[in-house]
Amino acid sequence: MKTNALPSTRREFVRQGAGVVAGMAAARTPAGARPAARTAKIGIVGGRFGRTFQWHLHPHCKVEAVCDIRPQALQALSEVYRCGNTYDNFQSMLKHPGLDAVGVFTPAPLHEWMATTAMKAGKHVISAVPAGLSVEELERLIETVRETGMRYMMAETSYYRPEIMTCREWAKEGRFGTIFYSESEYHHEGLIALMYDDRGLPTWRHGFPPFWYPTHCTGMVVPVTGERLAEVQAIGWGDGHEVVRTNRYQNPFWSATGFFKTSGGHSSRISVFWRVAAGGTERAHFYGDRRSYIMHRPEGSPDTVVEILQDGKMVIDDNGYPAGRVRSQPFDQPDHLEKLPEPLRVKTGHGNSHTFLTHEFVQSITEDRHPSVNVWEAVAYTLPGLVAHESALNDGEPLKIRDYGRPPES
672 MKTNALPSTR
682 REFVRQGAGV
692 VAGMAAARTP
702 AGARPAARTA
712 KIGIVGGRFG
722 RTFQWHLHPH
732 CKVEAVCDIR
742 PQALQALSEV
752 YRCGNTYDNF
762 QSMLKHPGLD
772 AVGVFTPAPL
782 HEWMATTAMK
792 AGKHVISAVP
802 AGLSVEELER
812 LIETVRETGM
822 RYMMAETSYY
832 RPEIMTCREW
842 AKEGRFGTIF
852 YSESEYHHEG
862 LIALMYDDRG
872 LPTWRHGFPP
882 FWYPTHCTGM
892 VVPVTGERLA
902 EVQAIGWGDG
912 HEVVRTNRYQ
922 NPFWSATGFF
932 KTSGGHSSRI
942 SVFWRVAAGG
952 TERAHFYGDR
962 RSYIMHRPEG
972 SPDTVVEILQ
982 DGKMVIDDNG
992 YPAGRVRSQP
1002 FDQPDHLEKL
1012 PEPLRVKTGH
1022 GNSHTFLTHE
1032 FVQSITEDRH
1042 PSVNVWEAVA
1052 YTLPGLVAHE
1062 SALNDGEPLK
1072 IRDYGRPPES
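In the working numbering, each residue carries its 1-based index in the sequence shown increased by 671.
Here you go:
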């Protein structure tokens, strides 16, 4: 797979002083030698998405430091988390006394570098999606987790959407029977507004390949089916617009669709669209041989559950053919907030998923265990998109997707 160079002024900024981090890496705590913290002390870098979590509300977490290179964003972080320890340099924040963990909520090209740097400095990491932008970056993340013993979590919101929480529970209980087909789609028309900054210069989002941001879809399919995405053929679409002709990623696509084969031999269709005449959505279907779940659509249809009725009655359709009896009805989807500590039972973004992500990461530190969306899961959600993009660049060439396994017993 090709490795793309990703120049970034932010990357150049945070790489200053790398020798300091090298010294910290040499002094890091060996794997298994660090006791679990009773209260997780966290530093947050990235003042946009980073301020939408509930670290300050968690009974076992304290925000010790905040960081952003933009003064207004840094002030917003400080105010939201009631934290006066402010930094405009990531590496300086890593040296803040007593930090157990770091939340990385910066532009996508920085995620892997910041995550591995923080773990080598002895910090657990929760990172915004995607985990990385190349096979090499994803492999470095796994290697760093293994070498340092630090916990890594990708903050994939789809994993904790209430619909997906319900479907994960039903799949575990066997209520679907066999899920032999799934679909997931992420439509985000309008991103072009974020592709240029206030000066009119391209941001990291300018021409970003749609399948380099697959996890809002794969983060639904993989955890519900329990199967890895093992093979893909993908097709992309672009219209020759300036954005898809001049971006740093050499990406010609606005939108792309992948047809995946799972490790269980089943099928899945996944679409990521940046330009589409449709309402914005993050949604999925799961079709089983006993039960199916169809998430609501932006056009107005509700969450729907369909079940085969086992009552032995014969139904004849309008064409005179026998047909199976099914019951299809709207589903009153619970929010699952009762599963959280009382202070965290608040409405948040991405289907109230932020509070669940907050709680799971904090608990993984205090309980000294791998989190739900650990580094192996993060790779299983991210890598299929990178491979799908390569397939689309090569006119739908079928490509295999490597399975990097699952976490060892901890």
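Here a beta-carbon is modelled for each residue, glycine too, at the ideal position from N, C-alpha and C.
Practice problem: Pick helix, strand or coil for F761, following the three-state DSSP scheme. | Solution: helix
Quiz item: Terminal residues of the continuous alpha helix (DSSP H) containing Q746?
Solution: P742 to Y752
Self-check item: Nearest-angstrom beta carbon gap, R753 and H727 [assumed within contact, 8 Å]
Solution: 6 Å
Quiz item: Among L1057, D1039, G1022 and L770, which has the Cα closest to the Cα of Y831?
Solution: G1022
Quiz prompt | Contact set for A1059: own chain, Cβ-Cβ below 6 Å, skip 5 residues either direction | solution = F882, V903, A905 and G929
Quiz item: I think S934 touches E898, with their Cβ atoms under 8 Å apart; what is that distance to the nearest whole Å?
Solution: 5 Å
Quiz item: Cα-Cα, which of V1017, T828, I1072 and P873 is closest to S1043?
Solution: T828
Quiz item: Does DSSP put R954 in a helix, a strand or coil?
Solution: strand
Practice problem: Identify, in the order they occur along the chain, each residue of the same chain with its Cβ nearer than 8 Å to the Cβ of G878, setting aside the five sequence neighbours on each side. | Solution: M866, V914, V915, T917, N918, R919, Y920 and N922
Practice problem: Just grab the DSSP bridge partners of R817 for me. | Solution: Answer is none; R817 lacks a bridge partner.
Self-check item: Residue nearest to P780 in terms of C-alpha spacing, selected from H767, S855, Y884 and E818
Solution: Y884
Exercise. Output the distance between the C-alpha atoms of R954 and Y857, rounded to the nearest integer angstrom.
Key: 7 Å
Quiz item: What does a CB cutoff of less than 8 Å around W841 pick up in its chain, not counting 5 residues either side in sequence?
Solution: F847, R962 and Y964
Quiz prompt | Touching by the beta-carbon criterion (3+ pairs, under 8 Å), the region 810 to 822 and the region 791 to 802 | solution = yes
Quiz item: Is the region 801 to 810 in contact with the region 1047 to 1054, if contact means three or more CB pairs nearer than 8 Å?
Solution: yes
Quiz prompt | Residue of H937, F957, R968 and I941 minimising C-alpha distance to A949 | solution = R968
Quiz item: Apart from the five residues just before and just after Y852, which ones in its own chain have a Cβ nearer than 6 Å to its Cβ?
Solution: S938 and Y958
Quiz item: Can the beta-carbon of P778 be found less than 7 Å from the beta-carbon of W875?
Solution: yes
Quiz item: Nearest-angstrom Cα distance between T975 and W925?
Solution: 30 Å
Quiz item: Three-state secondary structure (DSSP) at L900?
Solution: strand
Practice problem: Would you identify the three-state DSSP class for E970, choosing helix, strand or coil? | Solution: coil
Exercise. Identify whether R811 lies in helix, strand or coil by the three-state DSSP scheme.
Key: helix
Quiz item: For V692, which three-state DSSP category applies?
Solution: At V692 the pLDDT is 35, less than 50, meaning the model places this residue with poor confidence and gives no usable figure here.
Quiz item: Measuring CB to CB, does N756 end up less than 7 Å from A736?
Solution: yes
Exercise. Consult DSSP for E616 and reduce its assignment to one of helix, strand or coil.
Key: Since the first and last residues shown for the chain are 672 and 1081, residue 616 lies out of range.
Quiz item: Are there 16 or more other CB atoms within 10 angstroms of the CB of N990, so buried, or fewer, so exposed?
Solution: exposed
Quiz item: In chain order, which continuous runs of the alpha helix (DSSP H) of length 4 or greater are located wholly inside the region 770 to 809?
Solution: 782 to 791
Quiz item: Anyone know if the C-beta pair for H729 and T1029 falls short of 7 Å?
Solution: yes
Quiz prompt | Under 7 Å between C-beta atoms of V947 and E860 | solution = yes
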